[in-house]
């Protein structure tokens, strides 16, 4: 797989330290909805259907095509190869929940709600009484993809993602501080446009922080696509979950064949993305705290 | 939720395992980057394999049937992995719906095989948009001794490498009629497998500083995190699964991948050797099948020969030509299956020798096989069209 020199430099260029696509405050650029890579690949049929969704359970690879314009060096949706999509995080969106958050990465939109720590509902599920029991349910809204089919609850894909999110959050939650209790995380994908797994983890982190659950570190997630670095047939996708302060990778998922050094490049890019997202999430939380402080004063 | 019933080590056991690991000792005496003993056994039929990795035992079984392809991939066959976690293997496995770990295992094996395009799917197409072969691999966990993913992955690969699908031709008036040939008439075809993606699982302990390969059941109960890297012998990473748990540095991950690629090369050669010796043993069986009849048939026609030896139920006259046994769109009929069953016990008698013989010549290439079996005898037993084929391939 020959790497064209220009693209390689693009991929290795450091990510702009403040996340470049960050939303300017209070404007609503979501309205100017630019088509993303995924949409354009999907073609006319299902405009808002992400590649991942189109592949669905069968996970078949998309046709080969140019993901980075060789002339301009921009991606199909006008981003630079190492540029992230626009981020938007909002805390406290579900009134009844102990903690909740809405997280958007481009057109992917995810809502998360956290209940707990509370008493263990089903004692049989308690593994050991010293740690809190973390549960997670991932669900994809029927209207989240282009084809509005009723999706069966508990299919293989969503069960696996639930497991992945649960274990990732468990790595950051200080479960030993909350013995004999249970924390429920509900994640719902409202709009799917690739990278739902990463968006879910970011939303869950925000919601857990909102619920005031003690955590070791902020775990953020970002996925990097090989296509953004070089064009190859198929769409290798690397999702990384990253503990920013500890500088450790907790979640790593990848499929499709690629050589080891290319993989390293993609993983590093995803880690850079995670760091940028962590900065953003921290800002959202600080902003939220400031707002709460103001409310208390008045 | 299966993991809740899992065995939990006592505080002492946990401490013992962790303390030992700090000085690079493992409870079963291995070094950190050693695999347990791997044993691959093959069943009587093509496409079945049992893998033993230490105490872990997994059985893989590959089957295929003709189905309509998916609309967006009209010219590709399909491959699906099914897992069966029987309560026999582990008290934590519940009967009925597959649990989380069963689903995760299935998806990891599935991704490793499919996303890396290890099995050629286009060669499984018969009539584009109408008939393609759908290959199904069933993975049965027989005993859970830890590290099910690696064992299941090897079982799937072994089953797929020995799997043979019946040959079929397209004909009829509209050119759309599919004829599936009986395996007795035309040799079934192997799948095209481009590379073997090998899953290698690492377990992390103590804040991600200690890692071991191929964790046992007890180590799995103690570990803080796990990562499965699926890598082929060329060093291409086919899939990675690290579903949360203890965090590790990215440099450690790259180190793991390098270790994994070495291990993958070892396991690949092991699988290839076993598959080769199985196929050559199978070929030998075919030759040994009819020693008595081969002697008396010198001047009899080949087709007649075959009939008498197989004890087939059909009479000779009903059989049109050597390869003309056409069963429209149907896999070999029940009668055929029975016939095979009848022949089987006889085969198994000469089986042990055949297998041991081929084990000795581990390479199991065609040359050794021909050296053992007199060529003339082998050709004599084969139906006419097969002889032609063989000659063709040699030239």
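Residue numbers (the UniProt record's numbering), protein chains in the order written: chain S, 1 to 298; chain V, 1 to 395. From the three backbone atoms N, C-alpha and C, an ideal C-beta is built for every residue, glycine too.
- Which partner residues of residue 109 of chain V appear in the DSSP bridge assignment? Position 109 of the second chain holds residue 109 of chain V. Answer is none; residue 109 of chain V lacks a bridge partner.
- Show which residues of chain S have a CB atom less than 7 Å away from the CB atom of residue 196 of chain V. On the second chain, residue 196 of chain V is found 196 positions in, with the first residue counted as 1. What residue 196 of chain V touches in chain S: nothing, since even the nearest Cβ is about 12 Å away.
- Message: Determine whether the beta carbon atoms of residue 218 of chain S and residue 205 of chain S lie at a separation below 7 Å.
- Response: Here residue 218 of chain S refers to the residue found at position 218 of the first chain. Here residue 205 of chain S refers to the residue found at position 205 of the first chain. Cβ distance < 7 Å, so residue 218 of chain S and residue 205 of chain S count as in contact.
- Item | Rounded straight-line distance, which links the Cα of residue 287 of chain V to that of residue 241 of chain S | Taking the first chain and counting its residues from 1, the one referred to as residue 241 of chain S is at position 241. Taking the second chain and counting its residues from 1, the one referred to as residue 287 of chain V is at position 287. Cα to Cα, residue 241 of chain S sits roughly 57 Å from residue 287 of chain V.
- Task: Check distances from the C-beta atoms of the region 142-159 of chain S to those of chain V and list, in chain order, the residues that come in under 7 Å.
- Result: For the region 142-159 of chain S, the residues whose beta carbon sits under 7 Å from a beta carbon of chain V are, in order, 156, 159.
- Message: Is there a Cβ of chain S sitting closer than 7 Å to that of residue 404 of chain V, yes or no?
- Response: No information on residue 404 of chain V is available, as it lies outside the stretch 1 to 395 that chain V covers here.
- Using the beta-carbon of each residue, which ones in chain V are nearer than 8 Å to residue 241 of chain S? As a position in the first chain, residue 241 of chain S is number 241, starting the count at 1. In chain order: 244.
- Whole-number beta carbon distance between residue 234 of chain V and residue 195 of chain V, since they are thought to touch under 8 Å: Counting from 1 along the second chain, the entry for residue 195 of chain V is found at position 195. Counting from 1 along the second chain, the entry for residue 234 of chain V is found at position 234. 7 Å between Cβ atoms; contact.
- Proximal chain S residues relative to residue 257 of chain V, where beta-carbon distance stays under 8 Å: Within the second chain, residue 257 of chain V is the residue found at index 257, counting from 1. Residues of chain S passing the Cβ test: 260, 263.
- Query: Does any C-beta atom of chain S lie closer than 7 Å to the C-beta of residue 4 of chain V?
  - Reply: To locate residue 4 of chain V, count along the second chain from 1; it is residue 4. Residue confidence for residue 4 of chain V is low, a pLDDT of 46 falling below 50, so the modelled location carries little weight and cannot support an answer.
- Task: Flag residue 182 of chain S as yes if its beta-carbon sits less than 7 Å from any beta-carbon of chain V, otherwise no.
- Result: Along the first chain, read from residue 1 onward, the residue named residue 182 of chain S stands at position 182. Output row for residue 182 of chain S: interface = no.
- Other residues of its chain near residue 275 of chain V: CB distance less than 7 Å, five sequence neighbours each side excluded: Within the second chain, numbered from 1, the residue matching residue 275 of chain V stands at position 275. The beta carbon of residue 275 of chain V is closer than 7 Å to those of 158, 161, 162 in its chain, skipping five residues each way along the sequence.
- Message: So that I know if they touch, is there some Cβ in chain V lying closer than 7 Å to that of residue 140 of chain S?
- Response: Indexing the first chain from 1 puts residue 140 of chain S at position 140. Output row for residue 140 of chain S: interface = no.
- Partners in chain S for residue 248 of chain V, counting only beta-carbon separations shorter than 7 Å: In the second chain, residue 248 of chain V corresponds to position 248, counting from 1. In chain order: 248, 249.
- Can you list the residues of chain S that residue 116 of chain V reaches, using a CB-CB cut of under 8 Å? Here residue 116 of chain V corresponds to residue number 116 of the second chain, with the count starting at 1. Simply 255, 256, 257.
- Message: Suppose the cutoff is 6 Å on Cβ atoms and the five residues either side in sequence are ignored; what does the same chain contact list for residue 164 of chain S look like?
- Response: As a position in the first chain, residue 164 of chain S is number 164, starting the count at 1. Closer than 6 Å at Cβ, skipping near neighbours: no residue.
- Pair within 7 Å by beta-carbon distance, residue 208 of chain V and residue 170 of chain V: Translated into the one-based positions of the second chain, residue 208 of chain V becomes position 208. Translated into the one-based positions of the second chain, residue 170 of chain V becomes position 170. No; because the gap between Cβ atoms is not below 7 Å, this pair is not in contact.
- Query: Taking residue 50 of chain V as the reference, which of V/124, V/151, V/166, V/277 has the closest Cα?
  - Reply: For the purposes of this step, residue 50 of chain V is taken as residue 50 along the second chain, with counting starting at 1. It is V/151 whose Cα lies nearest to the Cα of residue 50 of chain V.
- Item | Identity of the residue in V/245, V/25, V/6 nearest residue 212 of chain V by Cα | Residue mapping note: residue 212 of chain V aligns to position 212 of the second chain, counting from 1. The shortest C-alpha separation from residue 212 of chain V is found at V/25.
- Query: Under a three-way DSSP split, which group does residue 196 of chain V fall into?
  - Reply: As a working note, residue 196 of chain V is residue 196 in the second chain. The three-state secondary structure of residue 196 of chain V, taken from DSSP, is coil.
- For the region 264-292 of chain S, which residues have a beta carbon sitting closer than 9 Å to at least one beta carbon of chain V? Here the close residues are 264, 267, 268, 271.
- Comparing the CB of residue 143 of chain V with every heavy atom of the ligand HEM, is any distance shorter than 6 Å? As far as ligands go, the structure on display features none, and thus does not contain the ligand HEM.
- Message: For residue 367 of chain V, which residues in the same chain have their Cβ closer than 8 Å to its Cβ, ignoring the five residues on either side in sequence?
- Response: Against the second chain, residue 367 of chain V aligns to sequence position 367. Per-residue confidence for residue 367 of chain V stands at a pLDDT of 43, beneath the threshold of 50, marking its modelled position as unreliable; no derived number is given.
- Query: So with Cβ pairs under 7 Å, would you call residue 254 of chain V a contact of chain S?
  - Reply: Mapped onto the second chain, residue 254 of chain V falls at position 254. So yes, residue 254 of chain V belongs to the interface.
- Express the C-alpha separation of residue 189 of chain V and residue 245 of chain V in angstroms, rounding to a whole number. Within the second chain, residue 245 of chain V is the residue found at index 245, counting from 1. Within the second chain, residue 189 of chain V is the residue found at index 189, counting from 1. The alpha-carbon atoms of residue 245 of chain V and residue 189 of chain V are separated by roughly 43 Å.
- Message: Would residue 239 of chain V and residue 111 of chain V be called neighbours here (beta carbons separated by less than 7 Å)?
- Response: Here residue 239 of chain V corresponds to residue number 239 of the second chain, with the count starting at 1. Here residue 111 of chain V corresponds to residue number 111 of the second chain, with the count starting at 1. Cβ atoms of residue 239 of chain V and residue 111 of chain V: closer than 7 Å.
- Message: Below 8 Å on the Cβ atoms is my contact criterion, and I expect residue 83 of chain V with residue 41 of chain V to pass it. Report the Cβ-Cβ distance as a whole number of Å.
- Response: Locating residue 83 of chain V in the second chain gives position 83, counting from the first residue. Locating residue 41 of chain V in the second chain gives position 41, counting from the first residue. The Cβ separation is near 20 Å, so there is no contact.
- State the DSSP-derived secondary structure class of residue 158 of chain S, mapped to helix, strand or coil. Counting from 1 along the first chain, the entry for residue 158 of chain S is found at position 158. Residue 158 of chain S: helix per DSSP, three-state reduction.
- Please confirm whether residue 95 of chain V and residue 87 of chain V have their CB atoms less than 7 Å apart. Here residue 95 of chain V refers to the residue found at position 95 of the second chain. Here residue 87 of chain V refers to the residue found at position 87 of the second chain. Yes, Cβ-Cβ distance for residue 95 of chain V and residue 87 of chain V is below 7 Å.
- Go through its chain and collect everything with a Cβ distance to residue 274 of chain S's Cβ below 8 Å, but skip five positions before and after it. The residue labelled residue 274 of chain S in the question sits at position 274 within the first chain. Listed in chain order, the non-local C-beta contacts of residue 274 of chain S below 8 Å within the same chain comprise 220, 221, 222, 240, 241, 242, 244, local neighbours out to five positions each way being set aside.
- Query: Since residue 264 of chain V and residue 200 of chain V are thought to touch, with beta carbons under 8 Å apart, how far apart are those beta carbons, to the nearest angstrom?
  - Reply: Reading the second chain from its first residue, position 264 is the one you call residue 264 of chain V. Reading the second chain from its first residue, position 200 is the one you call residue 200 of chain V. Their Cβ separation, rounded to whole angstroms, is 6 Å, which keeps residue 264 of chain V and residue 200 of chain V in contact under 8 Å.
- Neighbourhood of residue 98 of chain S by C-beta distance below 6 Å, restricted to the same chain and skipping five residues each side: As a working note, residue 98 of chain S is residue 98 in the first chain. Result list for residue 98 of chain S: 114, 115, 211, in chain order.
- Message: For residue 268 of chain S and residue 108 of chain V, what's the separation of their Cα atoms in angstroms?
- Response: Along the first chain, one-based indexing puts residue 268 of chain S at 268. Along the second chain, one-based indexing puts residue 108 of chain V at 108. Rounded to the nearest angstrom, the two C-alpha atoms are 23 Å apart.
- Message: Please list, in chain order, the chain S residues whose beta carbon lies closer than 7 Å to that of residue 150 of chain V.
- Response: Within the second chain, the letter at position 150 stands for residue 150 of chain V. By Cβ distance, chain S contributes nothing, its closest Cβ being about 17 Å from residue 150 of chain V, past 7 Å.
- Message: Taking DSSP's pairing of strands, which residues face residue 59 of chain V in a bridge?
- Response: Stepping through the second chain from its first residue, residue 59 of chain V is reached at position 59. BP columns for residue 59 of chain V point to V/50, V/140.
- Message: Does residue 279 of chain V pass the burial test, meaning 16 or more other C-beta atoms within 10 Å, or should it be called exposed?
- Response: Residue mapping note: residue 279 of chain V aligns to position 279 of the second chain, counting from 1. Classification for residue 279 of chain V: buried.
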